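The structure appears right after this line, and notes come after that.
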Amino acid sequence: MQLKVDFAFPRLNRQVWMAATGVVVVVYLLDFFTPFRLTNDTVRYFALLEQRLGTWPASFGSSNDFLPYGYVFFLEGLARLHILTPFTIALCQLLYLGGSLYFIKKLFGTSINTWLFACLTLLNWTTIKLVMTPLSELQFLFFTSAALYSYHRFLHNKRPAQLVLTVVLCLIAFVTRTAGIVLIAALLLSFLVSHRQALTGGLRQRPLMSGLVLITLLAGLALLVTRPKFITYLGYFWRPLATDGGSFFAGNLRLHAMDLAELFINTPYSKVAWLIAPSVAGAVYLVTGLLFLGILIWCLIKHRTRIPLFISFYLVLYLLLIFNWPFFEARFFFPILPFMLAVYLQHLGQSSIFQRRLAAVYLTGYVLMGVFVMAYYSRLSYDRDFMKQRHDAGIWEKEYDYLFSGRAVDDGVTVNQKALYILRKYN
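If you read the sequence shown in this note's numbering, its first letter stands for residue 8, the second for the next number, and so on.
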């Protein structure tokens with residue numbers, strides 16, 4: 008198996024991919040000397056952080072945000088150590104990514120090339136953006152991949168401590184992102200399916216104990232779904248379904264397929280739509296998204312004996328969740344990007360010559376686009392004018408202008424005071 012892992016670029020050996028990964032990591036580190044990367048959700052996370060620290064200006068009012076607190080706790084830890092800066096946030100998130108890739112590699116073993124897998128993940132535009140942006144995706148990826156690996160170890164050694172660790176990691180993932188409920192569901196379902204015969208026999212032999220376990224599980228589920236924040240998230244699903252379910256599903260399928268395509272075309276739709284007719288670009292992204300989704304499902308079925316069942320359950324349930332989510336952004340798919348890449352690479356390790364040649368053409372374009380994106384984000388780090396105009400589509404241009412100039416806000420000018428406060432404090 009290991010002899011075929013360089014299928015896509017047969018002239019490039021393991022050492023070349025290792026060196027390429029090393030160069031990419033060095034570029035990452037250089038780009039960490041960046042101005043604070045602001046987004047709408049970043050403002051929300053830092054508002055919650057400021058309230059926990061007791062430093063949020065009273066004039067801004069309290070923030071009753073429903074975001075989970077897992078990532079806020081991470082930021083608070085850095086703040087209390089007095090190292091909460093753009094560099095340390097990015098460095099910690101790169102370490103999160105490194106740990107995640109390690110766990111996923113251990114799950115897939117020698118069926119994928121370690122350094123090719125790492126390089127492709129690092130060169131994805133969403134990875135480059137999210138490592139440097141204070142958002143929860145990297146932390147969520149780390150704890151979900153750690154939980155899956157811990158469960159994998161439990162299945163092999165049957166040690167209770169490993170199961171306890173899996174539960175703890177699942178809970179941390181859940182308090183980081185509410186989507187972590189999918190991780191819990193995937194592990195439970197895979198366990199029930201894998202042990203259905205033994206469980207059926209146990210239910211018949213110990214009906215009282217089985218009833219108590221069932222009641223406990225139902226009580227825990229009821230406690231979870233009745234939490235105010237969980238109800239808020241559920242509302243995003245039920246309101247659109249109640250008003251116009253047909254268009255909700257049709258619109259979600261199309262727009263989320265385009266979001267998914269952004270990962271594999273390796274550039275956002277917004278960066279392409281102005282180069283060609285938006286209708287043509289939309290069609291290309293839609294077809295690409297559906298194509299890669301179809302290939303993923305096909306690979307999960309074809310290689311079901313080689314891919315752990317709990318990984319297949321997790322990927323399918325997570326996709327179902329996001330395709331029903333009524334907000335659209337490629338970063339929502341990021342927490343399963345490395346898993347999807349691993350599935351594709353595992354398949355191509357046993358593919359035909361034609362498929363390997365086709366993969367070589369595709370991956371050449373993917374890598375070249377990734378290099379271009381790295382250059383783009385490097386310029387954002389070091390060119391302040393470019394940063395003001397292009398970061399987050401330029402919606403924070405006035406805030407960055409006041410940050411970089413250091414001058415007071417002009418009378419009559421409307422700026423996001425909360426965002427400017429966060430920029431000036433943490434930049």
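The beta carbon of each residue, even a glycine, is placed where N, CA and C say it ideally should be. This structure is a prediction, so every number in the text was calculated from the model and none was measured.
Please report the residue range of the alpha helix (DSSP H) in which residue i lies.
| i | result |
| --- | --- |
| residue 368 | 360 to 389 |
| residue 331 | 316 to 331 |
| residue 107 | 93 to 115 |
| residue 159 | 144 to 164 |
| residue 90 | Element bounds for residue 90: n/a, residue is neither H nor E. |
| residue 411 | 404 to 412 |
| residue 353 | 344 to 355 |
| residue 23 | 21 to 38 |
| residue 399 | Note, residue 399: premise wrong, no alpha helix (DSSP H); not H, not E. |
| residue 124 | 121 to 129 |
| residue 54 | 47 to 60 |
| residue 285 | 285 to 309 |
| residue 66 | Unbroken run through residue 66: none, as it is neither H nor E. |
| residue 420 | Unbroken run through residue 420: none, as it is neither H nor E. |
| residue 282 | Segment: none, residue 282 is in no alpha helix (DSSP H) and carries neither H nor E. |
| residue 180 | 167 to 183 |
| residue 133 | 132 to 139 |
| residue 118 | Per DSSP, residue 118 belongs to no alpha helix (DSSP H) and is neither H nor E. |
| residue 198 | 187 to 201 |
Use the C-beta contact count for residue i: other C-beta atoms within 10 angstroms, 16 or more gives buried, fewer gives exposed.
| i | result |
| --- | --- |
| residue 135 | buried |
| residue 327 | exposed |
| residue 140 | buried |
| residue 338 | buried |
| residue 311 | exposed |
| residue 95 | exposed |
| residue 282 | exposed |
| residue 89 | exposed |
| residue 12 | Unreliable positioning characterises residue 12 in this predicted model, as indicated by a pLDDT of 44, which lies under 50. A coordinate reading is not provided. |
| residue 188 | buried |
| residue 359 | exposed |
| residue 424 | exposed |
| residue 223 | exposed |
| residue 395 | buried |
| residue 5 | Absent from the structure is residue 5, since the part of the chain shown begins at 8 and ends at 434. |
| residue 389 | exposed |
| residue 64 | exposed |
| residue 380 | buried |
| residue 320 | buried |
| residue 117 | exposed |
| residue 193 | buried |
| residue 66 | exposed |
| residue 81 | buried |
| residue 334 | exposed |
| residue 226 | exposed |
| residue 36 | exposed |
| residue 308 | exposed |
| residue 40 | exposed |
| residue 264 | buried |
| residue 286 | exposed |
Is the segment 150 to 158 in contact with the segment 111 to 124, if contact means three or more CB pairs nearer than 8 Å?
yes
Closer than 8 Å is the cut-off here; do at least three beta carbon pairs connect the segment 25 to 34 with the segment 124 to 131?
Using a C-beta cut-off of 8 Å, the segment 25 to 34 makes contact with the segment 124 to 131, since at least three inter-stretch Cβ pairs fall below that distance.
Hey, is the segment 160 to 168 in contact with the segment 367 to 374, meaning 3+ C-beta pairs nearer than 8 Å?
The segment 160 to 168 is not in contact with the segment 367 to 374.
Counting Cβ pairs, one atom from each stretch, are 3 or more of them under 8 Å apart for the segment 385 to 399 and the segment 42 to 57?
yes
Three CB pairs or more closer than 8 Å across the segment 68 to 87 and the segment 182 to 196
yes
Any 3 or more C-beta pairs closer than 8 Å across the segment 48 to 62 and the segment 140 to 150:
They touch, by the three-pair rule.
Mind the definition here: the segment 97 to 107 touches the segment 301 to 311 only if three or more C-beta pairs lie below 8 Å; say whether that holds.
no
Segment contact, 8 Å Cβ cut-off, at least three pairs: the segment 294 to 301 with the segment 264 to 272
yes
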